[in-house]
Each structure stands twice: as C-alpha cells, then as structure tokens.
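Q: Each protein sequence line maps, in turn, to chains A and B.
Sequential numbering from 9 applies to the first sequence in the numbering used here.
Sequential numbering from 9 applies to the second sequence in the numbering used here.
Built from N, CA and C at the ideal position, the CB exists for glycine as well.
Protein chains: 2
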Amino acid sequence: MAVTLADVAARAGVSTATVSRVLSGNYPVAENTRARVLRAVADLEYVVNGPASALAAATSDLVGILVNDIADPFFGIIASAVQSEMSAGTGQHIGSGTNPRTGDSGTRRRPGAGPALVPAGEKLAVVCNTGGSPERELTYLTLLQRQRAAAVVLTGGAVEDAGHAAAVTAALRRLAAAGTRVVLCGRPPLGPEADARKPKATAGPRTDLEARILQRAIRKVPTAPSPITLAFDNRGGAQRLTEHLISLGHRHIGYIAGPVGRTTTRHRLEGHRAALTAHDIPDPAHRTVHGAYDRAAGYDAALELLRRDPALTAVIAANDTAALGVCAALRDRGLRVPGDISVAGFDDLPFSADAAPALTTVRLPLQEAGARAGRLATGRETPPPGEIATLCGDLMVRESTSSPYS
Amino acid sequence: MAVTLADVAARAGVSTATVSRVLSGNYPVAENTRARVLRAVADLEYVVNGPASALAAATSDLVGILVNDIADPFFGIIASAVQSEMSAGTGQHIGSGTNPRTGDSGTRRRPGAGPALVPAGEKLAVVCNTGGSPERELTYLTLLQRQRAAAVVLTGGAVEDAGHAAAVTAALRRLAAAGTRVVLCGRPPLGPEADARKPKATAGPRTDLEARILQRAIRKVPTAPSPITLAFDNRGGAQRLTEHLISLGHRHIGYIAGPVGRTTTRHRLEGHRAALTAHDIPDPAHRTVHGAYDRAAGYDAALELLRRDPALTAVIAANDTAALGVCAALRDRGLRVPGDISVAGFDDLPFSADAAPALTTVRLPLQEAGARAGRLATGRETPPPGEIATLCGDLMVRESTSSPYS
DNA sequence: AAACGCGTAGCAAGCGCTTTCTATCGCGAG
DNA sequence: CTCGCGATAGAAAGCGCTTGCTACGCGTTT
Chain A
9 MAVTLADVAA RAGVSTATVS RVLSGNYPVA ENTRARVLRA VADLEYVVNG
59 PASALAAATS DLVGILVNDI ADPFFGIIAS AVQSEMSAGT GQHIGSGTNP
109 RTGDSGTRRR PGAGPALVPA GEKLAVVCNT GGSPERELTY LTLLQRQRAA
159 AVVLTGGAVE DAGHAAAVTA ALRRLAAAGT RVVLCGRPPL GPEADARKPK
209 ATAGPRTDLE ARILQRAIRK VPTAPSPITL AFDNRGGAQR LTEHLISLGH
259 RHIGYIAGPV GRTTTRHRLE GHRAALTAHD IPDPAHRTVH GAYDRAAGYD
309 AALELLRRDP ALTAVIAAND TAALGVCAAL RDRGLRVPGD ISVAGFDDLP
359 FSADAAPALT TVRLPLQEAG ARAGRLATGR ETPPPGEIAT LCGDLMVRES
409 TSSPYS
Chain B
9 MAVTLADVAA RAGVSTATVS RVLSGNYPVA ENTRARVLRA VADLEYVVNG
59 PASALAAATS DLVGILVNDI ADPFFGIIAS AVQSEMSAGT GQHIGSGTNP
109 RTGDSGTRRR PGAGPALVPA GEKLAVVCNT GGSPERELTY LTLLQRQRAA
159 AVVLTGGAVE DAGHAAAVTA ALRRLAAAGT RVVLCGRPPL GPEADARKPK
209 ATAGPRTDLE ARILQRAIRK VPTAPSPITL AFDNRGGAQR LTEHLISLGH
259 RHIGYIAGPV GRTTTRHRLE GHRAALTAHD IPDPAHRTVH GAYDRAAGYD
309 AALELLRRDP ALTAVIAAND TAALGVCAAL RDRGLRVPGD ISVAGFDDLP
359 FSADAAPALT TVRLPLQEAG ARAGRLATGR ETPPPGEIAT LCGDLMVRES
409 TSSPYS
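#1: Under the three-state reduction of DSSP, which class applies to residue 371 of chain B: helix, strand or coil?
#2: At what residue ranges does the stretch 294 to 338 of chain B contain a whole run of the alpha helix (DSSP H), taking only runs of 4 or more?
#3: DSSP beta-bridge partners for residue 270 of chain A?
#4: For residue 390 of chain A, does the count of other Cβ atoms within 10 angstroms reach 16, so buried, or fall short, so exposed?
#5: State yes or no: is the beta carbon of residue 14 of chain B nearer than 8 Å to at least one beta carbon in chain A?
#6: Is the beta carbon of residue 77 of chain B closer than 8 Å to that of residue 140 of chain B?
#7: Is residue 45 of chain B close to chain A? Criterion is C-beta to C-beta, closer than 8 Å.
#8: So which of B:262, B:342 and B:289 has the shortest CA-CA distance to residue 326 of chain B?
#9: Which bits of chain A does residue 54 of chain B rub up against, with CB to CB less than 7 Å?
#10: Which residues bound the beta strand (DSSP E) around residue 350 of chain A?
#11: With 7 Å as the limit, tell me which residues of the stretch 135 to 166 of chain B have their beta carbon closer than that to any beta carbon of chain A; keep them in chain order.
#12: Sorted by chain position, which residues of the same chain lie with C-beta nearer than 7 Å to residue 281 of chain B's C-beta, five sequence neighbours on each side aside?
#13: If we define contact as Cβ-Cβ less than 8 Å, is residue 34 of chain B a contact residue for chain A?
#14: Using beta carbons (cut-off 8 Å, strictly below), is residue 261 of chain A in contact with chain B?
#15: List the residues of chain B that residue 339 of chain A touches, going by C-beta distances under 9 Å, in chain order.
#16: Beta carbon of residue 90 of chain A, beta carbon of residue 381 of chain A: below 8 Å?
#17: Mapping DSSP to helix, strand and coil, what is residue 378 of chain A?
#18: Which chain A residues sit within Cβ distance under 7 Å of residue 359 of chain B?
#19: What are the boundary residues of the alpha helix (DSSP H) that residue 90 of chain A is part of?
#20: Going along the chain, which residues of the stretch 177 to 191 of chain A sit with their C-beta nearer than 7 Å to a C-beta in chain B?
#21: Which residues mark the beginning and the end of the alpha helix (DSSP H) in which residue 148 of chain B is found?
#22: For residue 235 of chain A, which residues in chain B fall below 9 Å Cβ to Cβ?
#23: For residue 8 of chain B, report the span of its alpha helix (DSSP H) as first-last.
#24: Starting from residue 87 of chain B, find everything on chain A with Cβ-Cβ shorter than 7 Å and list it in chain order.
#25: Rounded to the nearest angstrom, what separates residue 144 of chain A and residue 48 of chain A at their Cα positions?
#26: If you draw a straight line from the alpha carbon of residue 379 of chain B to that of residue 413 of chain B, how long is it in whole angstroms?
#27: Looking at residue 192 of chain B: is its Cβ nearer than 8 Å to the Cβ of residue 256 of chain B?
#28: Note the first and the last residue of the continuous beta strand (DSSP E) segment covering residue 132 of chain A.
#29: Rounded to a whole number of angstroms, what is the C-alpha to C-alpha distance between residue 418 of chain A and residue 10 of chain A?
#30: Whole-angstrom Cβ separation of residue 73 of chain A and residue 147 of chain A, contact assumed at under 8 Å?
#31: Any beta-carbon of chain A closer than 8 Å to the one on residue 323 of chain B?
#32: Please tell me whether residue 265 of chain A and residue 298 of chain A are closer than 8 Å, where the distance is taken between their beta carbons.
#33: Work out the CA separation of residue 336 of chain B and residue 44 of chain A for me, nearest whole Å.
#34: Between residue 336 of chain B and chain A, is the shortest Cβ-Cβ distance under 8 Å, so that the two count as touching?
#35: Mapping DSSP to helix, strand and coil, what is residue 277 of chain B?
#36: For residue 262 of chain A, report the span of its beta strand (DSSP E) as first-last.
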C-alpha cells in the first residue's frame, strides 16, 4: 500500500541502497543519479518510514520535552526555545552529502515541492505534559525510551519524594544507557544515584562492605553520563528579591510559596529565609502560605496572609502569575500597590513588565536555558564543566515595590 | 548492548513469540508462563523497542497534536485534554489478554515496579508547536507521517493562504492514506480538495474536460476520509457578543481583530459585523484594528482605537489575553471599566473570570473539544454525522460590560 | 602493459519485533 | 484404544530500511 524505498528505487532505476544514500546524504552519489532519485521521490510522494529507519540505523529523531504544565508560559517559553534549536539543525540539506567535489549543497527545499523535503536529520521535538504528576512523568520517560528517543529534556522543578526521585533517576539512567541524551533544564541536578541503581534492591546496603562494593560498582560504570544540568539559581534569586524588599525598609513580608514538595518551592523559600536571617528579621511561620502557581492561588493566598497579619507591608509570590492574583486581591480589598503593599513575583514572564503596576520580579533566562538545552540535546554544544551550569536570575525592579514609609 | 526480546525469552526459557504475546496481551498464554516472562522483563528492565515493533506491526502509538502557540493557555487546555484521553486507554493491562478463561485481568501496574509496566497500547501524545508558521506546520506533518503516527490533531485557526491550504490538505490526505487518523479541533473544515491533489500540477485544469476528469478522479478515491472536524462557532459567538453590547446600548464599538489571514480572525470579525449590520449600525473601517493574541497587542490596539475614535464606548478584543491588555491600557489612560468603556474578550480562559473586573467573554468549550478530539483520535468515539461537528460558545456576561449611559 | 586507486553503485545481512502456520500435549469421545 | 480437538508454545518469514563489503569502470602510475 504505502510507497517504499524499493518503489522509489525501481522508478529511478537504482538500488534501494542508492536511494537511501541520497536521502540521508552521507555517501557520495553521482549528481545525475541523485537527481533521478529525487524526482522519483517527489513523483511518488515518498516519505521515509521512520520506524524502519530507526530500527535499521538504531537512531531516532524524536526529542522529548517534559513539562509540568503545558498551559504555563514558563514552560511554553522554554519548550519553544528548545524546539527552535532543533530545526536550526546543521544546515544540512537533502543530498548535500559529503561529496567534497561539488560545492553545491544539494537540492534545497522548494515550497510546496513535496513531502520528502524535510531535511534528513531534522529532529521531531515534541512536548509531553506531565501535569506535575510523578506517574505521568515516569510513563512518558518509559514511552520515550520505548521510542529510543534521541534526547529527553526535563524542565521545571522536580517532585521531592525519595521514591519518585529514585524512580526518575533509574529511568534516566536507563535512557542514558540506551544512548539517549538527557538534559535537565531549569531543574536541579539529580541526587546521588546510590541505591536507585536497581529498583529491585530491597533496601540500601546493610553493611559497610556491601556499601563499598556498591560504591565501586557504581563508579565502574564507564558511560554513566550524569545528565547535563542547566539549573536556575532559584535560591539566589529569591534571596536577592527579599533583600531588595528589606533594603526598601520592609520588615513584615508575606511569602506565598509554590506547591509543597517541589524543589523550586523549597529553593526559593530557602533563599527568602536566608535573606531574612542575614538581616535578623524574624520569620514567623504564619507569614508563609503555600499555593499553586496560578492566579487564583495567588488571590486566595494574599487574602489569607492579610487575614493572618494585617501589618504586612509586602508580599512575595511564588511566581508572576500568582503575583497578579495577589495584586487583584489587594485591589479588591481597596489596597494600592505599591502604595499600601509592595508585591513581587518571580520568573519575569512577558506580561509582568506590562502589568499594572509593572511587576518587580526576578528574571529567569528561560529562553536562553531552553536554547542551550536544545543545543545540548542535539549535541551541538559542549556540556559545561562538571555537566552542571547554574543560570542566575536578574532582579528586575519595577513599579510594584516601593518603600513602606512613602 | 540493549536488552532485546530474545534476552527476555532466554531468561524466561520461552520463545520470543511468547514474550511478545505476553507483552501485547492479545493471545492466550498460560498463567505461570506469563508470570515467568513478566519476571524476566522486570529483572532485565526490558523496554520494548518501539521502532521495531512499529515496523513489524505496522502501527505506532504516537499521536501528534499541532498547536499554534504552546505558551497560550488556549492551546494548553486543548492539548492537555487531548492527552488525558490518551491514557484513559481501553482499560487494558499488560497480559490481560483475550484469555476468556481467567477472569483475572492480568498484572496491574505496581508503583516503582519497573519500566515495562506502561500498558501496551498506551499512546504517546505529544504536542508540536508550529508557532503559527505554515512551514513548521508542514514540517511537523511530514515528520509525523514519517513516524507513521497513529493520529494527528490539528488545533486552532488555520492560515488563510491558498497555497498553504492546498499543501496542508495534500499533507493530510497523505497522512490519511497512510492510515493516520486526522482530527481538526477548533479549526474550520478543510476546503474542497480541488487541485490540491497533486502539488506538482502546474496549474488548475485548463479545460472543462480536464476539470471533469479531475473531478471524477477525486471522487473515485474510495478511502478519502475527510478529516473529522470539531469546529468552534466563532462567527456565532462573536455575533452574540456584539449583540450583547448593542443591547446594552453601545453604538460605537471598537474591534480588535486577531492576526490577519487567519480563519479565526475572519470568522469572529464576520460575526461582529453581522450583528452590527443586523442592527443597522455603521461600521467604519477605522474602528477595527488587527493585532496578535497577546496582552501587549491588546494594550497597543486599545490606545490606537482610542486615538482614532475617542467616542468609543466599548471595545471587543480578539481574545481574553488581549482584552486584559485593553483593560490595562484604559486604566493607564484613567478610564474605568466598564464605567467609561466596556470591554469584552473571547475564549473564557481561566483567568478571565477572576480578572478585575471579571471579563465578559464567550466561553469556548476547549476542554470538551480537546477530550472529544482525543477520543476521536484513538477511535474511541464515533465521528459526528458528516464528519463535522460545530461547538458553540456561551456568552458569559460578567462585570466588564455595562450600559454606556450609566 | 599491468597494477592500482578512486568514484559509484549493488548485494545482502541484519536491526528487533509481530504473526501466521505448525507442532505438541492432554484428554474426553467414539 | 485411537482419533480429534482445545489450549499453548515455537519456528520462521517478513516489516522497510541502513551499511559493510564487494564489484566495476576508468584514469593513473610504475
């Protein structure tokens, strides 16, 4: 039914090997042979059979991007940056081959010229939405391994649960062992592998001897490339943000943390507390509330904070979206921002700059991180030393924060 | 290097055929054989080789979802609804088989029990971000065809360009011919295929005879299943929205249309104009401005409209996001909403209900559409009669609109 | 003039799975 | 006691592509 390589070969009067080589462009083919083949391909509207070629070549052009919430621009920006890097390819075109003779770079893509003209080697970058669910995360990881994905990019904070962390680590190790490049983008580095190596291991090693053996075994694995990590400096960003408020004179700062049990939430909270501690400002538990990363959560949390401590002069939200909810809540309460209460967000999503008032926040290099992750995933950029890079956030001071005395 | 079926078979002391059957669960296997196989699978951390199985079975579990803007919640909501329907599967579990004897439905997924426990037949729903670019849309379509995707869901408005429309139609036809289910979700039905059949055809038929022959050829194709379409009634929704404003007494209504050359933009604009015409309200061109679907565009467009016609009493935005930008602009200009000017959006995204003031808008059944598209894509729901269903929007009257006289 | 190298193209052996067809076993029916 | 049938399991033939190796034709080199 479907058109196969053999059909194309027959029509062009060559062998399947030749057609294959024309399409993958990794072997010299005479110019007019190539032309005949390409004509046949176009005439028959031939499209490579991905599974077959993946099987034979033991490679695939699928790249998976896992995100926690597909509707959140935070992930959208990262994902789309990753995707852009995919198509940026190597500038290779069909049939350009390695033929050192013809300076000609082969047939270029003519618009509407047919289906096969997507350059060989073009990656299929796809995003998988875990919705923040650990199970779905694992399911996707397995599904991607099943597809023998070329690379997997995990974005955003991780769930902090020993069992899940171990499962993810194991899944990533398997993926890496299968030759899939793994990149963590905006996600903290994996913990030590330890006993995550064999999910079956009933428990950790019971004796020192066992432990040492295990340790050695781990070290021995030659290609245990710990995934490349591009982490955000959430802790530092939060700390600088809080320090900014402190420097303005705020002492009663409400903090709306993200969902519990996520690394991002913990890190930002730690940074916030570090700043308070450094300035000898007490931080009673009632000034911290947890909530989701959405506007409604910010709205509700702001009301709750106000109820708990009417003396609040500033509120820091888990992210910009929640911060907007906070502003809405305050407005509804008749409070002015920043006149009565200062508000700050995190991430610096596009809308933050042009909200009313423009949000003070911490700008995370989402675009840059995504782009680097994309290049790392395609092997087009060399990994940072130690396989880990930390991207810092910039404090963006805008109109939503001011001195509490004014 | 990688673990193969044969390895598992060897360890379980059975043939590869048996392992395959246990994993796909479509053939009776004795209970203890099955158990042995599953143990071996778990011990070896075996994960099916997707490409190989796709090749052999001539099926794939990849489902592509094309969206125009991954960062826009409009698409996020649809995409995540589609994805949810994928995992909802058939309730089939590994090894449940068709064995009519054991009522037992086989091994269930134990948390952390290993990688292979993703049920066979589970689809890998992935979203592809076209960024609104026609080329990327086509590239993705080809890439998905290459992967022999089980289904493809196209979401959101289409670009209105004859050439591109023809190319997409051709691509979808090829996809359908290859057995991929195609679903249009929130996208208008394809135009007539006409001369899109052969991209190579230099031009349309030049004589009546030719035309008739072509026509017949088209009709003859037996399995030319026009893609299943779930369209939104953008025209009707816009019309009702405008009528709502008219009924409140507005006569000078500014309209911020979406990007030019998109079906969604045109349909909504048509509905708006139909309402005006029906009420004999003139619609000078200067009251319509085009812009992107984002907040900044709404902000700028609002200012532009105000400049062009200070007598405006209401503004309708291309969507809710833009409407928020409009509100911000008006606020910055010192105008109250809806006191001085009414504002309305479109889509009813989650944040709209809790904006300040809550936005009057047209609620599109995004979730429902996505879910249906998902079921349609997996063949779990029977297509609507005529392969087309139109989903209507509900007018949500909230606080951002009021009578201009108040 | 024979040997060699280079540029091309074809042969054919898989890649790891699915599935049809066949073989085997146990057992009640004839 | 033998035949047939239902329930299982295995053998083996592909699925469509990639690629190492071989083959061939020519222009060079010794």
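A: In short:
#1: Counting from 1 along the second sequence, the entry for residue 371 of chain B is found at position 363. Strand.
#2: 303 to 316
#3: On the first sequence, residue 270 of chain A is found 262 positions in, with the first residue counted as 1. For residue 270 of chain A, which the question treats as bridged, DSSP gives the partners A:167.
#4: Numbered from 1 along the first sequence, position 382 holds the residue referred to as residue 390 of chain A. Exposed, since its Cβ has fewer than 16 Cβ neighbours within 10 Å.
#5: For this step, residue 14 of chain B is matched to residue 6 along the second sequence. Not one chain A Cβ lies under 8 Å of residue 14 of chain B.
#6: The residue labelled residue 140 of chain B in the question sits at position 132 within the second sequence. The residue labelled residue 77 of chain B in the question sits at position 69 within the second sequence. Yes, Cβ-Cβ distance for residue 140 of chain B and residue 77 of chain B is below 8 Å.
#7: For the purposes of this step, residue 45 of chain B is taken as the residue at position 37 of the second sequence. Not an interface residue.
#8: Along the second sequence, read from residue 1 onward, the residue named residue 326 of chain B stands at position 318. Taking only the C-alpha atoms, the option nearest residue 326 of chain B is B:262.
#9: Taking the first residue of the second sequence as 1, we reach residue 54 of chain B at position 46. Under the 7 Å cutoff, chain A gives no residues; its nearest Cβ is about 10 Å from residue 54 of chain B.
#10: Along the first sequence, one-based indexing puts residue 350 of chain A at 342. Here the beta strand (DSSP E) through residue 350 of chain A covers 350 to 352.
#11: 135, 136, 137, 139, 147, 150, 151, 153, 154, 155 and 156
#12: Stepping through the second sequence from its first residue, residue 281 of chain B is reached at position 273. Excluding residues within five positions, the ones whose Cβ falls inside 7 Å are 291.
#13: The residue you call residue 34 of chain B lines up with position 26 of the second sequence. Chain A contact via Cβ: absent.
#14: Position 253 of the first sequence, counting from 1, holds the residue named residue 261 of chain A. Chain B contact via Cβ: absent.
#15: Working through the first sequence from its first residue, we reach residue 339 of chain A at position 331. Residues of chain B passing the Cβ test: 364.
#16: Against the first sequence, residue 90 of chain A aligns to sequence position 82. Against the first sequence, residue 381 of chain A aligns to sequence position 373. Contact: yes.
#17: Residue numbering aside, residue 378 of chain A sits at position 370 when the first sequence is read from its first letter. DSSP places residue 378 of chain A in helix when its eight states are reduced to three.
#18: Locating residue 359 of chain B in the second sequence gives position 351, where the first residue counts as 1. Those within 7 Å of residue 359 of chain B in chain A are 303.
#19: Stepping through the first sequence from its first residue, residue 90 of chain A is reached at position 82. It spans 81 to 95 - the alpha helix (DSSP H) in which residue 90 of chain A sits, taken as one unbroken run.
#20: 179, 182 and 186
#21: In the second sequence, residue 148 of chain B corresponds to position 140, counting from 1. Element bounds for residue 148 of chain B: 142 to 154.
#22: If you number the first sequence from 1, residue 235 of chain A lands on position 227. The premise fails here: residue 235 of chain A is roughly 17 Å from chain B at the closest Cβ pair, so nothing lies under 9 Å.
#23: With chain B covering 9 to 414 only, the question about residue 8 of chain B has no answer from this structure.
#24: The count along the second sequence starts at 1 and reaches residue 87 of chain B at position 79. Ordered by position in chain A, the residues that pass the 7 Å Cβ test against residue 87 of chain B are 78 and 137.
#25: By 1-based counting over the first sequence, the position of residue 144 of chain A is 136. By 1-based counting over the first sequence, the position of residue 48 of chain A is 40. Using only the alpha carbons, I get a separation of about 43 Å.
#26: For the purposes of this step, residue 379 of chain B is identified with residue 371 of the second sequence, where counting begins at 1. For the purposes of this step, residue 413 of chain B is identified with residue 405 of the second sequence, where counting begins at 1. Using only the alpha carbons, I get a separation of about 43 Å.
#27: Taking the second sequence and counting its residues from 1, the one referred to as residue 192 of chain B is at position 184. Taking the second sequence and counting its residues from 1, the one referred to as residue 256 of chain B is at position 248. No. Outside cutoff.
#28: Indexing the first sequence from 1 puts residue 132 of chain A at position 124. Element bounds for residue 132 of chain A: 132 to 137.
#29: This structure cannot speak to residue 418 of chain A, because chain A is shown only from 9 to 414.
#30: Walking along the first sequence from the start, residue 73 of chain A turns up at place 65. Walking along the first sequence from the start, residue 147 of chain A turns up at place 139. Between residue 147 of chain A and residue 73 of chain A the Cβ distance is about 15 Å, and since that is not below 8 Å, they are no contact.
#31: As a first step, residue 323 of chain B is located in the second sequence; it is residue number 315 there, counting from the start. Chain A contact via Cβ: absent.
#32: Along the first sequence, read from residue 1 onward, the residue named residue 265 of chain A stands at position 257. Along the first sequence, read from residue 1 onward, the residue named residue 298 of chain A stands at position 290. In this structure, residue 298 of chain A lies closer than 8 Å to residue 265 of chain A by Cβ.
#33: In the first sequence, counting from the first residue as 1, residue 44 of chain A sits at position 36. In the second sequence, counting from the first residue as 1, residue 336 of chain B sits at position 328. Approximately 60 Å between the Cα atoms of the pair.
#34: Within the second sequence, numbered from 1, the residue matching residue 336 of chain B stands at position 328. Cβ-Cβ to chain A under 8 Å: yes for residue 336 of chain B.
#35: To locate residue 277 of chain B, count along the second sequence from 1; it is residue 269. Residue state, collapsed to three classes: helix.
#36: Along the first sequence, one-based indexing puts residue 262 of chain A at 254. Start and end: 261 to 265.
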